[in-house]
Structure formats: structure tokens, C-alpha cells
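**Q** In terms of mature numbering (1 follows the signal peptide of the UniProt record, and there is no 0), the sequence shown is residues -29 to -1, 1 to 320. Structure below; questions to follow.
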Amino acid sequence: MIRTTSIRVAAVGILAAALVAGSATAALAATEPVATVGSKGALYAASGADGSIIPKATQLGFEDPVIARPDTVDLNATFPGSADTTMAKTFVAPRGQENDPSKWVAWTDTYLDDNANMYLPVLSLGNQTSGNLSTVKAGGDFSLGFAFMKNNGLTVSDGGAYFTFINVDNGGTWTFATPSDVVVPPVEGGEFDVELNADVVDGGPQVLTLSNPASTSATIGNAAMVDGKSTSTGTLGAFTVTDTRYSTHPGWTLTSMVTEFTKNDDATKKIGAQQLGLAPKIAAANPNVVVSDPQVAGTGVYPSVFAQANPDKPAAGAVSFDADLKFVAPVGSAVGTYTSKLTLTLVSK
């Protein structure tokens, strides 16, 4: 049994299913498009399932989940926008018409992050819901990518258009051009070939987890009389929520539940859970996480949301939390040791 004015803590993690690793790959295509010309920068086709770079010469289906990355190493890297950018669109365009939205064959709106940058835009052909998808599915040589936009989406902003050349077969299967990361200059008086071997870093498991505090009990001590009421304070203990679902970032909600306090030597003596004040704290500010306002001792409401991450933000990674605790016993409460249990529950949105 725990000491006077202590509260037992149980952390319960309800985990979202981990994404299945693997790329959206199929049979090898007969040919790969010629090297892309005119893109604002490199654009790599990646799997919408796990964010991994799709191998060169892979043949993809019309509805296969495909996203775009600016490099092959950092899954958190973004495409940089510009000061005049107000929105963004993904598109399929005739080659050479990528910067003229009026010439695009198919397109759809996409979202920017808080800094007007682009993070993992969806480039699946079947996702381009405006325009004429049947023209694309009939086959041909196109450019596939996204553009930073201004003027209500009528013109491309200074952020430019990022794209890759694609070849589409009649029926919708397609291949893409892979950017060249290394250019070998010609040798004066001759030429030579260099075989390049590059490692691609695995983005790691795509999971949502909740780690327990170092101790499963939290002491609310320093008892003193304040305005005629026994008042004690303490801290919950540091714990961590880890979300590495970078390719889908569905978000999560962390809730707290508190049972009523029961006197250790007399179970008939109880104090309501509303007497516990709970003030969530985050170790370091994270723009992708919202911490809830405190529950005030005497008027606390449980269950309550402790913190949350919304699906319109990138996955938050590892985030450390704690909480200040304050217990105020009502006037007339029997003196002694009271015990309660606080449960933290983490669920995916």
C-alpha cells in the first residue's frame, strides 16, 4: 500500500497497427522514361505504404500508393516552398507544360505544412481527381509531380514545380524516371563509366507506442493547510509517446482517467476524483502536438484529453510528457492515507 496522499499510476497503450513494410512494386517495365528535364529539383517516387524509395524501372499500377520525396535518405525532408505560395496541387501534364496549369491533363489539390513547404505529396495517378484521367489511362508520355501555387491556384509560384517524367501504357500501368544524384564529368581525350552504389536508409518501424514512467506510483506530498483545506502537490513522472508513422501520420489522442480516492484503513471513506488537479506538461515544444489545459483541483473532470496530435500534421516522433499534480481534500475529510489510480490511454485517430 502506498503512503499518505499518493496516487497509483497505470499507463495503458492501445497501439495502432504498424504499417506493413514493403514497396509498391510489380513486374519490371520494358523501358524507363528518359531523364527528367526542367524540374525545380529532384523528385523521387516512394512507397505510400512505408515511405521507402521505389526501385528504378519498377512498373506501377494506376491506383498504387505513391508519394514523392526530395531525397533518398531523410524521410522527414520537405520540398521548400516560397513566400508567395498560398496552396499546392499535384498534376499530370504533357512534358514541357509543367509550369502552365491550363495545360495540365489531370490534377488535385494537396496540402502544405505550416511553413508553406511540401511533405510527402501523394502522386498516385488515380488520385488526380480533376481533369481527364481517361486521357492519362489511355497511355502516353507525361510529367507527374506537384507545383507550389499562387493567385487562387491559377499560376505556379516562385516555389516552382517538381516532377518526374513517366511513361504510361494503355490501361494505366506506368514507369518513372529516377533522378541522377551523381554526375561524372567527361575525361579530356576520352570517356569512362563509373558504377555507383548508394545505400538507402530504412525509415524504421512505423508504430505508435506509449512508454510507462520510471515508477508506477507518484507521490503527492508537501501537505499543507491552504484556505482551511489539506492541499498536497507532486508530479506524475516523465513518460513518452512515440509516433513513427511518417508516411500516413493519422494522429493520436492521449486521455487520462482517475478513480475516486479511497482511505487505506477504511474503504467506506472516499474522496471524489474531481479533487485531483492535473496539469499536463511537454518536455520540449513540438508544433505537431497540442497539450490540453489543466484540470483544476476541486472541479476536475475525468476522463479528459491529456494531449493529442492531429492528422493534418506530420508524425510527431518521440515526445516526452509529465504532469503537475495537486490534491485538495474537502473540508471535513477524515485524516489518513488515500489511494487512487490514474490511467493513461493512447489511441490512434
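Note that beta-carbon positions come from the ideal geometry of N, C-alpha and C, so glycine has one too. Everything numeric in this text was worked out from a predicted model, so none of it was measured.
1. State the start and end residues of the unbroken alpha helix (DSSP H) segment that holds residue 328.
2. According to DSSP, is Ser73 part of a helix, a strand, or is it coil?
3. From Pro301 to Tyr273, what does the alpha carbon distance come to, in whole angstroms?
4. Is it true that the segment 69 to 79 meets the segment 28 to 44, where meeting means three or more beta-carbon pairs spaced less than 8 Å apart?
5. Excluding the 5 residues flanking Val267 on each side, which residues of the same chain have their C-beta closer than 7 Å to its C-beta?
6. Across which residues does DSSP place Asp262 in a beta bridge pair?
7. Ordered along the chain, which non-local residues of its own chain (more than five positions away) have a Cβ less than 6 Å from that of Lys284?
8. Please report the Cβ distance between Gly116 and Phe62, rounded to the nearest whole angstrom; I am assuming they are in contact, meaning their Cβ atoms lie under 8 Å.
9. By a C-beta neighbour count over all protein chains shown, 10 Å radius and 16 as the cutoff for buried, is Leu125 buried or exposed?
10. Indicate the three-state DSSP secondary structure (helix, strand or coil) for Leu31 in the structure shown.
11. Going by beta carbon distance, what residues of the same chain come within less than 7 Å of Ala148, once the five residues before and after it are set aside?
12. Go ahead and pull the three-state DSSP assignment for Leu46.
13. Can you tell me whether Pro157 is buried or exposed? The criterion is at least 16 other CB atoms within 10 Å of its CB, across all chains shown.
14. CB-CB under 6 Å to Val262, same chain, minus the five flanking residues each way: which ones, in chain order?
**A** A quick look at the data gives this:
1. An answer regarding residue 328 cannot be provided, because it is not within the stretch -29 to 320 covered by the chain.
2. helix
3. 18 Å
4. no
5. Gly248
6. Residue identity check: residue 262 is Val in the sequence provided, not Asp. Answer by DSSP bridge pairing, in chain order: Ala278.
7. Asn259
8. 7 Å
9. exposed
10. strand
11. Glu3, Pro4, Val5, Ala6, Thr7, Thr135, Phe136
12. coil
13. A caution first: Pro157 carries a pLDDT of 48, below 50, which makes its placement in the model unreliable, though a value can still be read off. It is exposed - the Cβ of Pro157 has fewer than 16 other Cβ atoms within 10 Å.
14. Pro251, Ile253, Ala278
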